[in-house]
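In my numbering, the protein residues as written are 599 to 692.
Notes follow once the structure below has been shown.
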C-alpha cells in the first residue's frame, strides 16, 4: 500500500524539477509532456491509497500547484491546469 506522504513528496519533487526546466527555457511541449507523465503516474499511485485518504492527498497536491511566481505566466498556469485535471480524475476513481 502506498502512503499518501510518499505520493505528495514524489509529486513535489518532480514538479520542482519540471519548474526548473521551464525556467531554464526548455521547450514548452516537452514540459507539458513531463507534467502529463508525472500526473498520470501520481494518479495511479493515488488509486493505491485507501479511499478515505484520497481527498486529503488530492488537497495536499493542489496546494503544491497553487499559483505563486507563475501567476502572470499563462503557459505555466495551463501546464498546472492539465496536471490538476489529471489528478482529479484519479481522485474520483474507485
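We put the beta carbon where it would ideally sit given N, CA and C, even for glycine.
Ranked by how close their Cα comes to the Cα of residue 675, the residues 689, 620, 605 have 620 in first place. A distance below 7 Å separates the beta carbons of residue 684 and residue 637.
Around the C-beta of residue 652, 16 or more other C-beta atoms lie within 10 Å, and the residue is accordingly described as buried. In this structure, 681 is the residue among 681, 687, 686, 688 with its C-alpha nearest to the C-alpha of residue 613. Close CB contacts of residue 686 within its chain, under the 8 Å cut and outside five residues either way in sequence, are with 656 (chain order). Taking a 10 Å sphere around the C-beta of residue 640, we find 16 or more other C-beta atoms and assign the residue as buried. Rounded to the nearest angstrom, the gap between the Cα atoms of residue 607 and residue 601 is 10 Å. Residue 689 has its alpha-carbon roughly 10 Å from the corresponding atom of residue 642.
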